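Enquirer:
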Ligand SMILES: C[S@@+](CC[C@H](N)C(=O)[O-])C[C@H]1O[C@@H](n2cnc3c(N)ncnc32)[C@H](O)[C@@H]1O
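Chains as they are written, first to last, in the numbering used here: chain A, -5 to 270; chain B, 1244 to 1368.
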C-alpha cells in the first residue's frame, strides 16, 4: 500500500483521535511543520512588523498556527478533521477554529484576510473521497472562494506534496483560472530529503516568483545545513519558541527582572526522552 | 468561536445562497478567556470589520456593554475603546450554540467552541 496518507482514507477518517494525538506529539513532525510554516510566512511577504489576520487552511492541531502566533499574527484556521481541531483546542492555540472542507469553498466574506497559509494539506484535494467528489471542481470551488476572501495584494502560500507533474499543472491552472498569479517554488530541488514544494499565489497583478532555496550550483548539502540553522530564528530575528536559544533569552530576561531562574545547563532546551 | 471569526464567517458556500451574511448567533454557553492586548492589531482590524454586525452579535450574547453603536472617526486614539473591542473580538468565545444562515435558515452547530460549517452533498455548489 502507498505510504501517502491521502491514499489510505478520507482526511476526517485518517486523522482520527489516535492519529491526531500521535501527529501532535511527534517532535520530528513538530519541527518540520514549524520550519515549513516559517518558509511559507517568508514567501507571504507581509508588511514588516505588522500584526496581520491570516487564514490557515488545513490548520490541523495548530502546529502551523503556533508559528504564525510566534510572529505576532492572529489566525483563523479551517480543517475537516474534528479530532485534529479538538487537539488544537486542548493545546489552547490563540487562533480560532472552524470545521470546514476546503473543497466545499472557503466560507469567509470578501477581503477579510491579509494572507493565507496552508502546510501539508493541499494534496488531499487531488483525491475523490466520495462518489460526488470531482477534484477539478473542488479545486475550482476552493481557489475561487479563497481569492474572494483575500484583501487586495494579499498572497496565499501552500507547502504541499504533489505526486507528479500533472498534479502541479492541475493545481496551478485551477489557481490561475480563479484569478491568481504565481506558481510553484521548489526549494532544494536536488536533495531528495530537503526538496519542498510551495505554491505561491498572488492577487495584485503579476510579480516575479520568489527565488527558491538551494538552487545554486554550489554544494547543495551546505545550503540545506544553512537553512536548518537559520530556522532556529524566525524572520524577525527572534528565536523560535521552545528552542534552546528562545529559552536562554527568556531566562536572561527573567534574571534581568530579578525573577527566580534556574541556572543554564547542557540540558536546557533539550528534548525529554519521551518515557518517564 | 470568537466574534472576530463570526464577523468574517458566511454561509455563502451553500448552494443557492448569495451572501449568507451575517449569521445569527444563538449561544447557550459563552466564556471569556484572557488574551494579550495588541492595540496595533485591533487598530488594523477595525476597518475590516462590519461594525454593526459586531455590535449586534456582541449584544445578542450579552457582551455588548460599552461598545458604541457607531464608530467615531478617531477610534485609534481611544485606548479604552480599543480594549473593549479587543475583549469582544478575541476574548469572548461562544462555546455551545448555533449559527443560522439569514437566507436559507440552515443551522450550523457550534460545539466545544468550534462552528461546524460542513455541508451535505446536496448543499454543495
Ligand atoms: C498533515 S496535516 C497538517 C496540519 C497543520 N497544517 C500542520 O502543519 O501541522 C494535514 C491537515 O489537512 C487537513 N485536511 C485534509 N483535507 C482537507 C480538506 N478538504 N479541508 C480542510 N482540511 C483538510 C487534515 O484534516 C489535516 O489536519
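We treat Cβ as the ideally placed atom computed from N, Cα and C, and that holds for glycine.
As the structure is a prediction and not an experimental result, all values here were calculated from the model.
Is the CB of residue 51 (chain A) under 9 Å away from at least one CB in chain B?
Expert: So no, residue 51 (chain A) is outside the interface.
Enquirer: Can you find a C-beta in chain A that's less than 9 Å from the C-beta of residue 1299 (chain B)?
Expert: Closer than 9 Å: no.
Enquirer: Within 8 Å: the Cβ of residue 64 (chain A) and any heavy atom of ligand 1?
Expert: Outside the cutoff, so no.
Enquirer: For residue 129 (chain A), does the three-state DSSP call read helix, strand or coil?
Expert: In the structure shown, residue 129 (chain A) sits in a helix (DSSP, three-state: H, G or I).
Enquirer: For residue 3 (chain A), which of A:144, A:75 and A:135 has the nearest alpha-carbon?
Expert: Of the candidates A:144, A:75 and A:135, the one whose C-alpha sits nearest the C-alpha of residue 3 (chain A) is A:75.
Enquirer: Using the beta-carbon count (16 or more within 10 Å), is residue 1370 (chain B) buried or exposed?
Expert: Lying outside 1244 to 1368, the shown extent of chain B, residue 1370 (chain B) is not represented and no answer is given.
Enquirer: At a threshold of 8 Å, does residue 140 (chain A) count as lining ligand 1 (C-beta to nearest heavy atom)?
Expert: Every heavy atom of ligand 1 is 8 Å or more from the Cβ of residue 140 (chain A), so no.
Enquirer: Does the beta carbon of residue 251 (chain A) fall short of 8 Å from some heavy atom of ligand 1?
Expert: No, ligand 1 has no heavy atom inside 8 Å of this Cβ.
Enquirer: For residue 18 (chain A), which residues of its own chain have a beta-carbon under 6 Å away from its beta-carbon, when the five flanking residues on both sides are left out?
Expert: Cβ neighbours of residue 18 (chain A) beyond the five flanking positions: 55 and 81.
Enquirer: Run down chain A in chain order and give the residues with a C-beta less than 9 Å from the C-beta of residue 1252 (chain B).
Expert: Result: 70, 92, 101, 102 and 103.
Enquirer: Give every residue of the same chain whose Cβ lies closer than 7 Å to the Cβ of residue 1366 (chain B), excluding the five residues on either side of it in the sequence, and list them in chain order.
Expert: Hits under 7 Å: 1257 and 1258.
Enquirer: Output yes if chain B places a C-beta closer than 9 Å to the C-beta of residue 168 (chain A); else output no.
Expert: Residue 168 (chain A) does not count as touching chain B.
Enquirer: Exposed or buried, which one is residue 226 (chain A) when buried takes at least 16 other CB atoms within 10 Å?
Expert: Caution applies to residue 226 (chain A), whose pLDDT of 46 falls short of 50 and renders its modelled position unreliable; the model cannot decide the point.
Enquirer: Is there at least one Cβ from chain A nearer than 9 Å to residue 1324 (chain B)'s Cβ?
Expert: Not one chain A Cβ lies under 9 Å of residue 1324 (chain B).
Enquirer: Using a Cβ-Cβ cut-off of 6 Å (strictly less than) and excluding sequence neighbours within five positions of residue 1425 (chain B), which residues of its own chain qualify?
Expert: Chain B is shown only over 1244 to 1368; residue 1425 (chain B) falls outside these bounds and no answer can be derived.
Enquirer: According to DSSP, simplified to helix, strand and coil, what is residue 1340 (chain B)?
Expert: The answer is strand: DSSP assigns residue 1340 (chain B) an E or B state.
Enquirer: From what residue to what residue does the beta strand (DSSP E) around residue 153 (chain A) run?
Expert: Where residue 153 (chain A) is concerned, the enclosing beta strand (DSSP E) stretches over 144 to 154.
Enquirer: Is there a Cβ from chain B that is less than 9 Å from the Cβ of residue 163 (chain A)?
Expert: Closer than 9 Å: no.
Enquirer: So which residues of chain B does residue 106 (chain A) contact, with C-beta pairs closer than 7 Å?
Expert: The contacting residues are 1251 and 1291.
Enquirer: Any Cβ of chain A within less than 9 Å of the Cβ of residue 1357 (chain B)?
Expert: It does: the Cβ of residue 1357 (chain B) has a partner Cβ on chain A nearer than 9 Å.
Enquirer: Answer yes or no: the CB of residue 1358 (chain B) versus the heavy atoms of ligand 1, is any distance below 8 Å?
Expert: No, Cβ of residue 1358 (chain B) sits at least 8 Å from all heavy atoms of ligand 1.
Enquirer: Which word fits residue 197 (chain A), buried or exposed, when buried means at least 16 other C-beta atoms lie within 10 angstroms of its C-beta?
Expert: By the 10 Å Cβ count, residue 197 (chain A) comes out buried.
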